[in-house]
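Data block below; observations after.
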Amino acid sequence: SELAREYIKNELLPEKYINDALHIAIGSCNSISYIVSWNIEHIVKVKTRRIVNLVNTLQGYKEIEIISPQEL
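Residue numbers (this note's numbering): 164 to 235.
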C-alpha cells in the first residue's frame, strides 16, 4: 500500500518490516480506531504511534490508537 510505503519513507520501520507497516496501513485506510498488538518491538512504541499519526494526518487519514493488550 502507498500508506505503508510512506511509513517506511518516514523511517517508521525499516524496509524489512514492511508487513508491520502494512498491518498499520490497513487499519488506517479502513478507519479502524484501534490496533491491538503484542508487537512491542516495532508496532506498539511511542515513536511508532507518533510517526503513524503524523503520516496519517499528512496523507488525509484519521489518527489511529496503537495499543498493547495490557492497555485494554
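All C-beta atoms in this analysis are idealised placements derived from N, C-alpha and C, irrespective of residue type, glycine included.
- Here Asn219 is buried, its C-beta having at least 16 other C-beta atoms within 10 Å.
- Counting the other CB atoms within 10 Å of its CB gives Leu217 a total below 16, which places it among the exposed residues.
- The Cβ atoms of Ile187 and Ile203 do not sit closer than 8 Å to each other.
- Asp183 has its alpha-carbon roughly 18 Å from the corresponding atom of Lys225.
- Boundaries of the alpha helix (DSSP H) around Val218: Val209 to Leu221.
- Per DSSP, Tyr197 is one residue of the beta strand (DSSP E) stretching across Tyr197 to Val199.
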